[in-house]
Amino acid sequence: MSDITYTQSGGSNGASVSASRKTPGYMEADIADYFALLKPRVMSLVVFTGLVGMMIAPGDIHPLTAFTALLCIAVGAGASGALNMWWDADIDAVMERTVNRPIPKGVVSAQSAAAFGATLSAASVFVMAALVGYVPAALLAFTILFYVVVYTMWLKRSTSQNIVIGGLAGALPPAIGWASVTGGLALEPLVLVAIIFMWTPPHFWALALVRNDDYTRAGVPMMPVVAGPDATRTQILFYSLLLVPLGAAPLVLGFGGMIYAVASLGLGAGFLALAVNVWRHRIGDVAQPSAMRLFGFSIFYLFALFASLLIERIVGIAPYAGWM
Amino acid sequence: MTENKDDTTQTAPVTLTPEQQARLRRRNIAVALSLIAMVGLFFAMTLVRLGGNVADRTY
């Protein structure tokens, strides 16, 4: 055993005893546990969409400023994830999908996660304001507050529209990326925001159909829990019908080229086909795999849409490539 | 002196195992490196922002 001791004292008279006690669970936390609080997989998609927002923006940005902006977006998104895990620790503890997160696992205390998230939130906004610009910093602050306060603390436990409205937080990074370059906003980044916003309901509800028992046990009013799986399948199809034409909007507005046309129309058709599949297969062995297929494909769809915009800029065949 | 029986006023030392010490040390090093990286970032960004503006300034 170690000869290092940490004393924990309380009260006002300074009395102390020398009895040692079991170390609290959060002393077990390693760097990887704190990294897990940042929801790295969500963070990677957020950084990627922020990068695309930055790349399609007209004007120049120094590579180090661009790196700083992306770092702030990543840290801000991660901090939101940590604050979400702090607030939702009770829900995470009863859901199979989230029971191994650091707080329910007992390796990070809820207070440590809250302090970690709050510190990184403040730092990301401060650094963005000081080194990149006030508009991207304001958008980043709004994104963090919206995700933590509006979605996590309010909507998630109170309405089946939680991820519809809350999806705005996850949709904003392209606007932050654009504002990092231009110092303002325009129609193009708002179209990208709208695409992610419209993508969020079919993406999350496909997962919620599969994890319905989990959400029911945790008392989270997800659409399948409140309205039932059939109504959710109809809603998924409805949002998919809105999403696919919206996905083609960059073509109409002129900032998506040939690669984007193939990606948005081809993969959009695939998205619709899978959404129809989910709508049709309501019972039996194929119902859950259909929903899971749509969930997996939706991630690929969004990634491919934004990747095609990025590739068009990199190889110089984008309609707006002359701006770069 | 009277014996204090209130748990909240007692001081209980927490003994760490070597593994816990190692993890704590790694966490402390990570925090230190993050702070150093932030200082480095501010320094580099200051150079970027000043750039040629210092040489080009008017007196």
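These protein sequence lines map, in sequence, to chains A and B.
5 is the number of the first residue of the first sequence in the numbering used here; add one for each residue after it.
1237 is the number of the first residue of the second sequence in the numbering used here; add one for each residue after it.
Beta carbons: idealized from backbone N, C-alpha and C, even for Gly.
All values reported here derive from a predicted model rather than from experimental measurement.
Give the residues of chain E in contact with residue i, contact being defined as C-beta atoms less than 7 Å apart.
i, result
"R1262 (chain B)", "As a matter of chain content, chain E is missing from the structure shown, whose protein chains are A and B."
Please classify residue i: is it buried, with 16 or more other beta-carbons within 10 angstroms of its beta-carbon, or exposed?
i, result
"N1264 (chain B)", "exposed"
"P249 (chain A)", "exposed"
"N88 (chain A)", "buried"
"M58 (chain A)", "buried"
"R25 (chain A)", "Because the pLDDT of R25 (chain A) is 46, which lies under 50, any placement of that residue in the model is unreliable, and the number read from its coordinates should be weighed accordingly. With fewer than 16 other Cβ atoms within 10 Å, it is exposed."
"I333 (chain A)", "Within the shown structure, residues of chain A are numbered from 5 to 328, placing residue 333 (chain A) beyond reach of any answer."
"S268 (chain A)", "buried"
"A179 (chain A)", "buried"
"I321 (chain A)", "exposed"
"S48 (chain A)", "exposed"
"D96 (chain A)", "buried"
"T1282 (chain B)", "exposed"
"L1286 (chain B)", "exposed"
"N166 (chain A)", "buried"
"F301 (chain A)", "buried"
"F259 (chain A)", "buried"
"A277 (chain A)", "exposed"
Go through its chain and collect everything with a Cβ distance to residue i's Cβ below 7 Å, but skip five positions before and after it.
i, result
"L241 (chain A)", "A279, V280 and W283"
"S128 (chain A)", "C76, V79, G80, A83 and L144"
"D234 (chain A)", "R286"
Report all residues from its chain with a CB closer than 6 Å to the CB of residue i; omit the five preceding and five following residues, and keep chain order.
i, result
"T163 (chain A)", "none"
"L271 (chain A)", "Y305 and A308"
"M1274 (chain B)", "none"
"P225 (chain A)", "S164"
"T102 (chain A)", "D96"
"L131 (chain A)", "Here residue 131 (chain A) is Val; the residue named in the question, Leu, does not match the sequence. So the qualifying residues of the chain are C76."
"L211 (chain A)", "F299"
"G187 (chain A)", "G137 and V139"
"A253 (chain A)", "V195"
Would a C-beta distance cut-off of 7 Å place residue i and residue j closer than the cut-off?
i, j, result
"T330 (chain A)", "M227 (chain A)", "Outside the shown range of chain A, which is 5 to 328, sits residue 330 (chain A), and nothing can be said about it."
"F150 (chain A)", "A175 (chain A)", "no"
"D37 (chain A)", "P106 (chain A)", "yes"
"L135 (chain A)", "T72 (chain A)", "yes"
"R1259 (chain B)", "D34 (chain A)", "yes"
"A86 (chain A)", "G137 (chain A)", "no"
"S113 (chain A)", "P140 (chain A)", "no"
"D218 (chain A)", "M99 (chain A)", "yes"
"V256 (chain A)", "P205 (chain A)", "no"
"P177 (chain A)", "V46 (chain A)", "no"
"W203 (chain A)", "L247 (chain A)", "yes"
Looking only at its chain, what residues have a beta carbon closer than 8 Å to the beta carbon of residue i, apart from the 5 residues adjacent to it on each side?
i, result
"E32 (chain A)", "G110 and V111"
"T69 (chain A)", "L135, V136 and S184"
"A231 (chain A)", "S164 and Q239"
"M157 (chain A)", "W91"
"L194 (chain A)", "A179"
"L1252 (chain B)", "L1260"
Assess, as a yes-or-no matter, whether the region 290–307 of chain A is touched by the region 1256–1263 of chain B under the definition of 3 or more beta carbon pairs within less than 8 Å.
-> no
* Mind the definition here: the region 254–266 of chain A touches the region 312–326 of chain A only if three or more C-beta pairs lie below 8 Å; say whether that holds. => yes
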